[in-house]
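Student: Right, I'll just put the structure down here and ask away after.
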Amino acid sequence: MKKIEQTIKKTQEMTAGIDVIKYAAAILVICFHCERVFQEPELNFLFKNVLCRIAVPFFLISTSYFVRRGQTRSEGYTKRYLRSLLKSYLFWSLIYLPVGFMWIQQSYSLSPALYPVALVVGLFYTGTYYHLWYIPATIFAIVVVQWLLKKIGYPFLLGLAVVLYSFGSLETYYGYIGNGQVKAFFDQYLQVFITTRNGLFFALIFVAAGFFIWDYKAKLEKYQTYSNYLFLGAALLLIVEGAVVYNNLGIDKNFLFSLIPFTALLFWKSLTIAVSRELNVRRLRELGKYYFFIHPLCILWAGSLVKSYELFNNNWVQLITVLVMTHIVSSLIISLIEYPPMEYIELWRRIKLTHRSLVT
């Protein structure tokens with residue numbers, strides 16, 4: 001029993017660094033979805049479209065790493081995990097459904113008769129609101145990577161994922177496309193599929209990387225002494241690529257090739273980050289999860305304050321307000337889950353009884 005407890009404790013210590021970075025990444029997602037952070041265009045681009053872009057790939061690698069670990073330890077783990085993720089996704093999709101339809105009404109001249117089609121597309125592809133695309137993309141990528149690994153193995157899987165990512169990157173490098181036929185084909189693709197930021201073109205490579213890191217972690221440890229140099233090199237490449245994209249902006253900026261090695265190396269390094277035992281990483285993990293789901297509602301609320309209060313016209317004030325409100329609401333939800341209302345009532349009853357006994 002003691003040996004099992006030591007093993008569990010060691011595993012928790014090894015993953016604590018991941019939880020800390022995931023929490024920071026959740027904050028970066030909020031910053032990205034808020035208004036301009038810095039007034040200087042170059043600095044704002046570097047922060048929002050380079051640094052903040054790290055968050056989603058890191059989430060994908062982290063999720064797939066633990067899914068792969070779970071597969072090796074428990075039969076049927078993937079089905080249970082995806083079922084749980086799907087339930088959570090459907091719940092939050094329902095929450096954001098009214099907001100999503102309001103956004104469609106404001107942004108597109110879509111006939112009400114096509115709303116059922118928009119609902120299907122939202123649930124299975126884009127999400128019912130802008131941040132929820134991540135869940136169907138993750139589910140799709142995990143299922144496909146797991147299937148492809150059995151069929152073709154890592155060399156062909158990683159090669160295929162890079163090719164698909166390269167096609168997806170045409171939205172980032174759209175301004176550099178010189179071939180008219182390629183541009184016309186890509187335009188036709190976007191008219192039908194809206195974006196390449198999906199499970200096939202975007203998420204696949206990062207999920208494959210998460211699987212790979214778990215399967216080859218013993219061999220990768222041999223190269224641990226070079227990790228700092230590799231990480232710095234990948235960071236430099238990310239900054240250089242960001243500058244290239246900034247000089248000729250595309251349709252969107254989701255795809256940066258240097259995100260692949262950078263986030264993979266960042267995740268690998270996070271496995272060795274020493275975290276104080278006094279830090280409640282479990283709490284950070286829960287907070288980060290709810291930050292992701294809740295922050296768009298807080299952004300909408302902060303946006304409504306602009307119309308009523310002059311103070312909230314400042315972008316930094318809006319950002320701080322969103323961060324604070326997201327944290328408060330997330331903490332409240334976690335507390336309600338840990339201590340349901342009936343338990344609060346019982347606790348309050350006991351406090352009153354204790355107070356009465358002390359008074360008498």
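For the sequence shown, position 346 matches number 346 in UniProt numbering, and the numbering has no gaps at all. Ideal placement from N, C-alpha and C gives every residue a C-beta, glycine not left out. Since the structure is predicted, the reported quantities are computational estimates derived from the model, not experimental observations.
Use the C-beta contact count for residue 145: other C-beta atoms within 10 angstroms, 16 or more gives buried, fewer gives exposed.
Tutor: Within the sequence shown, numbered from 1, the residue matching residue 145 stands at position 145. Classification for residue 145: buried.
Student: Quick one: Cα of residue 117 to Cα of residue 104, how far?
Tutor: Counting from one through the sequence shown, the residue named residue 117 turns up at place 117. Counting from one through the sequence shown, the residue named residue 104 turns up at place 104. Residue 117 and residue 104: Cα-Cα distance of roughly 12 Å.
Student: With C-beta atoms as the reference, is residue 250 less than 8 Å away from residue 174?
Tutor: What you label residue 250 is simply residue 250 of the sequence shown in a count that begins at 1. What you label residue 174 is simply residue 174 of the sequence shown in a count that begins at 1. The answer is yes: Cβ separation under 8 Å.
Student: Contact defined as beta carbons within less than 8 Å: I believe residue 55 pairs with residue 16. What is the distance between those atoms, to the nearest angstrom?
Tutor: Your numbering for residue 55 matches position 55 in the sequence shown. Your numbering for residue 16 matches position 16 in the sequence shown. No, residue 55 and residue 16 are not in contact; Cβ-Cβ is about 19 Å, not under 8 Å.
Student: Rounded to the nearest angstrom, what separates residue 68 and residue 217 at their Cα positions?
Tutor: By 1-based counting over the sequence shown, the position of residue 68 is 68. By 1-based counting over the sequence shown, the position of residue 217 is 217. In a straight line, the C-alpha of residue 68 is about 12 Å away from that of residue 217.
Student: Roughly how far, in whole angstroms, is the beta-carbon of residue 30 from the beta-carbon of residue 295, given that I think they are within contact range, below 8 Å?
Tutor: Here residue 30 corresponds to residue number 30 of the sequence shown, with the count starting at 1. Here residue 295 corresponds to residue number 295 of the sequence shown, with the count starting at 1. Indeed, because the Cβ distance is near 5 Å, the residues count as touching under 8 Å.
Student: Is it buried or exposed, residue 288, if we count other Cβ atoms within 10 angstroms and call 16 or more buried?
Tutor: As a first step, residue 288 must be located in the sequence shown, where it is residue number 288. So residue 288 counts as buried.
Student: Using only the alpha-carbon positions, how far apart do residue 254 and residue 53 sit?
Tutor: Working through the sequence shown from its first residue, we reach residue 254 at position 254. Working through the sequence shown from its first residue, we reach residue 53 at position 53. Between residue 254 and residue 53, the C-alpha separation is close to 7 Å.
Student: Cα separation between residue 36 and residue 100?
Tutor: Mapped onto the sequence shown, residue 36 falls at position 36. Mapped onto the sequence shown, residue 100 falls at position 100. Straight-line Cα distance between these residues: approximately 23 Å.
Student: Contact check, residue 27 vs residue 58 under 8 Å by CB: the rounded distance?
Tutor: Position 27 of the sequence shown holds residue 27. Position 58 of the sequence shown holds residue 58. No, residue 27 and residue 58 are not in contact; Cβ-Cβ is about 12 Å, not under 8 Å.
Student: Does DSSP put residue 181 in a helix, a strand or coil?
Tutor: One-based indexing of the sequence shown puts residue 181 at position 181. Here residue 181 sits in helix by DSSP.
Student: Would you identify the three-state DSSP class for residue 210, choosing helix, strand or coil?
Tutor: Here residue 210 refers to the residue found at position 210 when the sequence shown is read from its first residue. Correct three-state label for residue 210: helix.
Student: Identify, in the order they occur along the chain, each residue of the same chain with its Cβ nearer than 6 Å to the Cβ of residue 285, setting aside the five sequence neighbours on each side.
Tutor: Residue numbering aside, residue 285 sits at position 285 when the sequence shown is read from its first letter. So the qualifying residues of the chain are 19.
Student: Select from 267, 338, 134, 252 the residue whose C-alpha is nearest the C-alpha of residue 176.
Tutor: Along the sequence shown, one-based indexing puts residue 176 at 176. If we check each option's Cα against that of residue 176, 252 comes out closest.
Student: For residue 318, is the classification buried or exposed, using 16 other Cβ atoms within 10 angstroms of its Cβ as the cut-off for buried?
Tutor: As a working note, residue 318 is residue 318 in the sequence shown. Buried, since its Cβ has 16 or more Cβ neighbours within 10 Å.
Student: Do three or more CB pairs link the region 122-141 to the region 199-219 at distances below 8 Å?
Tutor: Touching, yes, given that three or more Cβ pairs across the two stretches are closer than 8 Å.
Student: Straight-line CA distance for residue 6 to residue 329?
Tutor: Locating residue 6 in the sequence shown gives position 6, counting from the first residue. Locating residue 329 in the sequence shown gives position 329, counting from the first residue. Residue confidence is low: residue 6 scores 45 on pLDDT, short of 50, so the model does not pin down where it sits. Its coordinate-derived value is still stated next. For residue 6 and residue 329, the distance between alpha carbons rounds to 35 Å.
Student: Please confirm if the region 224-236 is in contact with the region 260-272, defined as three or more CB-CB distances below 8 Å between the two stretches.
Tutor: Taking 8 Å as the limit for Cβ pairs, the verdict is that the region 260-272 does touch the region 224-236.
Student: Report the option in 110, 154, 226, 238 whose CA atom is closest to the CA atom of residue 49.
Tutor: Here residue 49 is taken as the residue at index 49 of the sequence shown, counted from 1. The shortest Cα separation from residue 49 among 110, 154, 226, 238 belongs to 238.
Student: Could you have a look at residue 34 and say whether DSSP puts it in helix, strand or coil?
Tutor: Reading the sequence shown from its first residue, position 34 is the one you call residue 34. It is coil, neither helix nor strand.
Student: Do residue 361 and residue 81 have their CB atoms nearer than 8 Å?
Tutor: Residue 361 is absent from the structure shown; the chain starts at 1 and stops at 360.
Student: Suppose you measure from the CA of residue 185 to the CA of residue 170; what does that come to, to the nearest Å?
Tutor: Residue numbering aside, residue 185 sits at position 185 when the sequence shown is read from its first letter. Residue numbering aside, residue 170 sits at position 170 when the sequence shown is read from its first letter. Cα-Cα distance, rounded: 11 Å.
Student: Can you give the Cα-Cα distance for residue 199 and residue 331, rounded to whole angstroms?
Tutor: As a first step, residue 199 is located in the sequence shown; it is residue number 199 there, counting from the start. As a first step, residue 331 is located in the sequence shown; it is residue number 331 there, counting from the start. Approximately 30 Å between the Cα atoms of the pair.
Student: Do you know how far the Cα of residue 154 is from the Cα of residue 161?
Tutor: Indexing the sequence shown from 1 puts residue 161 at position 161. Indexing the sequence shown from 1 puts residue 154 at position 154. Cα-Cα distance, rounded: 10 Å.
Student: From what residue to what residue does the alpha helix (DSSP H) around residue 68 run?
Tutor: Along the sequence shown, read from residue 1 onward, the residue named residue 68 stands at position 68. Taken as a continuous stretch (DSSP letters only), the alpha helix (DSSP H) holding residue 68 covers 55-73.
Student: Secondary structure at residue 253, three-state DSSP: helix, strand or coil?
Tutor: Stepping through the sequence shown from its first residue, residue 253 is reached at position 253. Of the three classes helix, strand and coil, the one that applies to residue 253 here is coil, per DSSP.
Student: Looking at residue 256: is its Cβ nearer than 8 Å to the Cβ of residue 245?
Tutor: Locating residue 256 in the sequence shown gives position 256, where the first residue counts as 1. Locating residue 245 in the sequence shown gives position 245, where the first residue counts as 1. In this structure, residue 245 lies closer than 8 Å to residue 256 by Cβ.
Student: When burial is assigned at 16 or more other CB atoms within 10 Å of the CB, is residue 63 buried or exposed?
Tutor: Locating residue 63 in the sequence shown gives position 63, counting from the first residue. Answer is buried; the Cβ neighbour count reaches 16.
Student: Given a cut-off of 8 Å on the beta-carbon distance, is the pair residue 293 and residue 302 in contact?
Tutor: Along the sequence shown, one-based indexing puts residue 293 at 293. Along the sequence shown, one-based indexing puts residue 302 at 302. Cβ atoms of residue 293 and residue 302: not closer than 8 Å.
Student: Give the single residue among 166, 210, 227, 187 whose Cα lies nearest to the Cα of residue 392.
Tutor: The structure shown has nothing for residue 392, since the chain only spans 1 to 360.
Student: Report the residue from 181, 323, 219 whose alpha carbon sits nearest the alpha carbon of residue 299.
Tutor: Counting from one through the sequence shown, the residue named residue 299 turns up at place 299. Ranking 181, 323, 219 by Cα distance to residue 299 puts 323 first.
Student: Taking its Cβ as the centre, do 16 or more other Cβ atoms sit within 10 Å of residue 360, making it buried, or is it exposed?
Tutor: Numbered from its first residue, the sequence shown carries residue 360 at position 360. Caution is warranted here: a pLDDT of 46 is assigned to residue 360, below 50, making its placement in the model unreliable, and no coordinate value can be reported.
Student: Taking only runs that begin and end inside the region 254-334, name each unbroken beta strand (DSSP E) of 3 or more residues, in chain order.
Tutor: Listed in chain order, there is nothing to give.
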